[in-house]
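Participant: Just so you know, the working numbering puts 309 at position 2 of the sequence shown, and the rest follows in order with no gaps.
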Amino acid sequence: MEVFLSRLREGESRGDCLKRLLDTLQEDLSMFGEGSFVGIKMTIGDEGSRGYISPDLVRIVVDRLRRQGARPFVFDTNVIYKGRRQNAVDHLSLAYRKGFTPDNIGCPYIIADGVFGTDSVSIPVDFKNLKEIKVPSLVRILDDLIVLSHITGHLMSGFAGSIKNVAMGMASRAGKQIQHSSIKPQINADNCTLCECCMEMCPVSAISSTGESAFIKQDICIGCGECISACKFDAVNINWQEDAEVFAERMAEYACGILSRIKRRLFFNFAFDVTEECDCISGDDPRIVEDLGILASKDPLSLDVASYDMLKGDGDVFSRSGKIHSHTHLFQYAEGIGLGRRDYRIIEV
Ligand code: SF4
Ligand code: SF4
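1. Spatial neighbours of PHE380 within its chain, please: C-beta separation below 8 Å, excluding the five flanking residues on both sides.
2. For ILE523, verify whether its CB is less than 7 Å away from any heavy atom of ligand 1.
3. DSSP puts LYS441 in a beta bridge; with which residues?
4. Please determine whether the Cβ atom of GLU503 lies at a distance below 7 Å from any heavy atom of ligand 2.
5. Give the straight-line distance between the Cα atoms of MET308 and CYS324, rounded to the nearest whole angstrom.
6. Sort LEU399, GLU507, TYR561, CYS502 by Cα distance to SER469 and report the nearest one.
7. Taking MET475 as the reference, which of LYS441, ASP621, THR500, ILE448 has the closest Cα?
8. Please name the residue in THR459, SER489, GLY358 whose C-alpha comes closest to that of VAL624.
9. Flag HIS461 as yes if its beta-carbon sits less than 8 Å from any beta-carbon of chain C, otherwise no.
10. In three-state DSSP terms, what is SER628?
11. Kindly indicate which residue of ALA521, ASP363, SER361, PHE554 has the alpha-carbon position closest to the one of LYS471.
12. List the DSSP bridge partners of TYR561.
13. Check for me: the beta strand (DSSP E) holding VAL511 runs from which residue to which?
14. If you measure from the CB of SER313, is any heavy atom of ligand 2 nearer than 7 Å?
15. How many angstroms separate the CA atom of ARG652 from the CA atom of VAL310?
16. So if DSSP puts ILE529 in a beta bridge, which residue, or which two residues, is it bridged to?
17. Can you grab the Cα-Cα spacing for the pair LEU646 / ASP497, in whole Å?
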């Protein structure tokens with residue numbers, strides 16, 4: 308599938324880089340016609356994160372759509388880990404603080420799964436791991452979708468782009484938990500210093516103390532992975548091979564189940580400020596690759612594979628040393644279930 312690349316030129320603003328790409332994609336954008344409700348899926352990241360797609364870039368996309376008579380709105384969903392995006396009240400307050408006000412972005416910013424993330428409906432699917440997916444009711448009836456994804460590394464998926472943005476970001480909180488539920492971390496008592504950082508981060512209070520080390524109650528754990536990133540002493544372990552691969556498969560199944568119902572869709576990957584961790588975690592983390600530009604495609608798999616290939620460098624910056632990551636398995640599995648194609652043709656604009 309064709310993947311369009313607008314490379315950030317020396318001295319060029321990110322906005323001009325995006326406008327050049329949108330000019331090239333005018334024919335594809337014209338499918339979002341007069342009066343259509345176009346959901347623009349993106350995320351603002353959590354409190355300390357600065358790598359998210361900025362409001363002025365979102366505004367450029369919104370203005371294009373409005374000029375052709377569409378009715379765009381930006382949306383995201385609540386998350387399952389601790390932070391400012393667990394409910395719509397705090398989530399919207401954070402969005403406004405980060406500049407995602409209707410005045411700035413030119414359209415409403417909506418939290419699709421409601422104030423407490425309880426708007427969740429089931430859609431039947433028939434995949435190896437999942438027979439239903441849980442999404443906000445909006446997602447079930449949405450016909451027109453633009454996905455704006457900021458590329459980052461990710462603790463579990465290795466590479467995070469359009470597929471993860473759809474799979475996790477368009478699932479309800481219940482759907483997110485199901486995708487994570489294969490992950491059951493355990494504490495290595497030899498490394499644990501009982502600093503309690505993991506206990507503070509755990510959203511379901513699944514971690515307690517034995518007196519000598521932390522201990523995870525497996526029946527309470529929802530597999531969110533927060534304790535893995537919280538621990539500075541390498542004391543939280545998961546089975547990186549098996550758990551991460553099942554996680555990747557479930558993400559692919561969610562993305563495939565969601566997108567198979569949406570009639571018109573277009574995906575953009577923003578390769579600016581790429582950090583090792585995703586925007587839910589990273590603050591001022593060092594950038595792991597040079598800014599590249601913006602890529603776009605109608606195929607989220609071609610887009611993610613192309614973005615990964617162009618950014619990974621010789622040592623694969625999306626694989627943290629000593630841990631197995633699941634992006635290659637995700638790409639392979641996603642193609643097998645019909646999410647898209649792994650081959651691509653880059654067209655520079
Ligand atoms: S124990 Fe770890 S993975 Fe399980 S819910 Fe708590 S923070 Fe998430
Ligand atoms: S964060 Fe790591 S070292 Fe600290 S209590 Fe948890 S497992 Fe132990």
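Glycine included, C-beta positions come from ideal geometry on N, C-alpha and C.
Facilitator: Let me lay it out:
1. Within the same chain, PHE380 has close Cβ partners PHE344, VAL345, GLY346, ILE347, CYS414, PRO415, TYR416, ILE417.
2. Yes, ligand 1 has a heavy atom inside 7 Å of this Cβ.
3. Answer by DSSP bridge pairing, in chain order: SER429.
4. Because some heavy atom of ligand 2 lies under 7 Å away, the Cβ of GLU503 counts as near it: yes.
5. Straight across, the Cα-Cα distance linking MET308 with CYS324 is about 22 Å.
6. Checked all of LEU399, GLU507, TYR561, CYS502; the closest Cα to SER469 is TYR561.
7. In terms of CA proximity to MET475, LYS441 leads the group LYS441, ASP621, THR500, ILE448.
8. The alpha carbon of VAL624 has as its nearest neighbour, out of THR459, SER489, GLY358, the alpha carbon of THR459.
9. The structure shown contains no chain C; it holds only a single protein chain.
10. Note that SER628 scores 46 on pLDDT, short of 50, meaning its location in the model is unreliable; the coordinates nonetheless yield the value given after this. In this structure, SER628 counts as coil in the three-state DSSP scheme.
11. Answer by Cα proximity: PHE554.
12. Answer is none; TYR561 lacks a bridge partner.
13. Segment: none, VAL511 is in no beta strand (DSSP E) and carries neither H nor E.
14. Not under cutoff, so the answer is no.
15. So the alpha carbons of these two residues sit roughly 6 Å apart.
16. In the DSSP secondary-structure assignment, ILE529 is not bridged to any residue.
17. The alpha-carbon atoms of LEU646 and ASP497 are separated by roughly 42 Å.
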